[in-house]
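Data first, discussion second: the structure below is written as structure tokens.
Protein chains: 2
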Amino acid sequence: MARPREFDIEVAVEQALQVFWSRGYEGAGLIELLEAMQIARSSLYKTFGDKRSLFLAALTHYDITRVTAAVSLLRDALIPDGEHRIANLLMSIAEAIEKQGDRRGCFLCNTAVDQAPHDKEIAEQVRRMMSRMEEGFFCALVASNLKRTLDLNGEGEARLLKTARVLNTVYNGLRVMAKAGYSAGEIRTVIQAQLHQNGLENMGLVTKKI
Amino acid sequence: MARPREFDIEVAVEQALQVFWSRGYEGAGLIELLEAMQIARSSLYKTFGDKRSLFLAALTHYDITRVTAAVSLLRDALIPDGEHRIANLLMSIAEAIEKQGDRRGCFLCNTAVDQAPHDKEIAEQVRRMMSRMEEGFFCALVASNLKRTLDLNGEGEARLLKTARVLNTVYNGLRVMAKAGYSAGEIRTVIQAQLHQNGLENMGLVTKKI
DNA sequence: GTTATTAGAAACCGATTGGTCCAAAACACA
DNA sequence: TGTGTTTTGGACCAATCGGTTTCTAATAAC
Chain A
1 MARPREFDIE
11 VAVEQALQVF
21 WSRGYEGAGL
31 IELLEAMQIA
41 RSSLYKTFGD
51 KRSLFLAALT
61 HYDITRVTAA
71 VSLLRDALIP
81 DGEHRIANLL
91 MSIAEAIEKQ
101 GDRRGCFLCN
111 TAVDQAPHDK
121 EIAEQVRRMM
131 SRMEEGFFCA
141 LVASNLKRTL
151 DLNGEGEARL
161 LKTARVLNTV
171 YNGLRVMAKA
181 GYSAGEIRTV
191 IQAQLHQNGL
201 ENMGLVTKKI
Chain B
211 MARPREFDIE
221 VAVEQALQVF
231 WSRGYEGAGL
241 IELLEAMQIA
251 RSSLYKTFGD
261 KRSLFLAALT
271 HYDITRVTAA
281 VSLLRDALIP
291 DGEHRIANLL
301 MSIAEAIEKQ
311 GDRRGCFLCN
321 TAVDQAPHDK
331 EIAEQVRRMM
341 SRMEEGFFCA
351 LVASNLKRTL
361 DLNGEGEARL
371 LKTARVLNTV
381 YNGLRVMAKA
391 GYSAGEIRTV
401 IQAQLHQNGL
411 ENMGLVTKKI
């Protein structure tokens, strides 16, 4: 029995995420955040507490939207070969540069670099999100020809877990390169070389068949 | 015919670098910088112009000290095998975490992530420094068994250049992982897997013989 | 020693920072 | 319609931001 909130929290958090994503935590001013979120100062503080909590909410929102989407892509059974799923994910980095001129990179990677070292809670969440990414890569590897090769050799899933972590490391490295100004073409070359080296040979881009 | 400067510019820039390195550009306040540099406000502005120029000076200082040191390691003829030089450089990331608890990562990588997208001049310098790192990896690869394998196959230096870029990407990825909280042991595992995949098999740590 | 020049310490600047407070408006429920 | 509760916008806050100015002290050249 009270006045209802006039804005949608999820929409507001998504807008805040956009600002944090392109400006970073320190670079994002309250005014810029409020304009993007289309809410008043007091509404922000009443709803979220403070700037840091809003950031945490944005990070969680990134987790349940973007990270989840990436993991889904890596588990997508509609693309039978895991190497194709991995190639699709990595190539999307180059595509983002090419088509949208997007050099904001990965919000998770950005946050790991500039906030995780100074904030324990953020660091923990970043670790969890990184682990989710690794799991995604692992799922794709389970459906790859690398898995089949390893099965013949009798090597276990330990090797797959290791490769998943390597791929996630490369993924983060690529996002840094994108921010450093490398072109879409240069990034694609790195991806191809990397996939080749990981024994993921069949790596042409394959679109989902529905 | 004037009063001489009381502080050493290089020392001051090195101290400023330390602050920018651990706090980032926006996170580094004037007061913190001045205290670390042990100079007065007006001296800073007279000598460097403004905060951004000081940052640029710190970035250049990082280039001519740290990046140069890394490249020297990668070209060090006293370590005959290139793969050992590469392993040494990558393993130093894990060592920094283990021995100094240093999670500030690589200042070049940090700057690429949080400043390059917003500042053209910084972006250009970051690109130049990344290229220097790649050249370093290339020099090490020239002295590696991968090179010898490729020579037999008739593959040219193009492949080596590509691998150099991949290694630099991995290097940046590892620095992100370090910031994300991965342990020295976890990072070492990734490095070993990666070196293995790059055909750089002889990868035990080898100390320089003088 | 005088003079020209510059370094240095500190006061000072407006703008902006993140954050609080309060009166008024808007709704749910009776 | 009246009442109670909560959101809202905007005024307000001290602190800090990056940057400037001023004035004094130091010193090299003459």
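Heads up: the sequence lines are chains A and B, in that order.
Its first residue numbered 1, the first sequence is counted upward by one per residue in this note's numbering.
Its first residue numbered 211, the second sequence is counted upward by one per residue in this note's numbering.
Here a beta-carbon is modelled for each residue, glycine too, at the ideal position from N, C-alpha and C.
- No residue range can be given for E6/A, since it is assigned to no alpha helix (DSSP H) and is classified by DSSP as neither H nor E.
- Close CB contacts of A246/B within its chain, under the 8 Å cut and outside five residues either way in sequence, are with Q225, A226, Q228, V229 (chain order).
- Rounded to whole angstroms, the Cβ separation of G105/A and A178/A is 6 Å, and the two are in contact under 8 Å.
- The CB of A123/A comes closer than 7 Å to the CB of G391 in chain B, given here in chain order.
- Cβ neighbours of V142/A within its own chain (closer than 7 Å, five residues either side excluded): G82, L160.
- A check of alpha carbon separations from R3/A across S43/A, L89/A, S22/A, R23/A identifies S43/A as the nearest.
- Listed in chain order, the alpha helix (DSSP H) elements of length 4 or more contained wholly in the region 221-271 of chain B are 240-247, 251-258.
- Sixteen is the threshold: when 16 or more other Cβ atoms of the shown chains lie within 10 Å of the Cβ of L300/B, as they do, the residue is buried.
- In this structure, L284/B is the residue among L284/B, E308/B, I289/B, T359/B with its C-alpha nearest to the C-alpha of L377/B.
- Counting only residues of its own chain and dropping the five nearest sequence neighbours on each side, A350/B has a CB closer than 6 Å to the CB of L284, G292, R295, I296.
- Nearest CB-CB separation between D114/A and chain B: below the 8 Å threshold.
- Close to V170/A, with beta-carbon spacing below 7 Å, are these residues of chain B in chain order: T379, V380, G383.
- Here the alpha carbons of Y272/B and S22/A stand approximately 25 Å from one another.
- Around the beta-carbon of E220/B, fewer than 16 other beta-carbon atoms lie within 10 Å, marking it exposed.
- Contact annotation: L318/B and M339/B have beta-carbon atoms nearer than 8 Å.
- A304/B places its beta carbon 8 Å or farther from that of M343/B.
- At a Cβ-Cβ threshold of 8 Å, E26/A and G234/B count as neighbours.
- Among the residues facing chain A, A350/B is not included, as its CB has no counterpart in that chain under 8 Å away.
- E98/A and P327/B have their C-alpha atoms some 15 Å from each other.
- Listed along the chain, the chain A residues whose CB falls inside 9 Å of the CB of T373/B are A193, Q197.
- Per the C-alpha coordinates, the member of K372/B, R358/B, A333/B, I401/B positioned closest to E345/B is K372/B.
- Taking the beta carbon of T60/A as reference, no residue of chain B falls within 8 Å; the closest one sits roughly 16 Å away.
- Under the 10 Å beta carbon count, I249/B is surrounded by 16 or more other beta carbons and is classified as buried.
- For R41/A, the nearest beta carbon of chain B is not closer than 8 Å to its own beta carbon.
- In the structure shown, Y171/A adopts helical secondary structure according to DSSP, grouped into three states.
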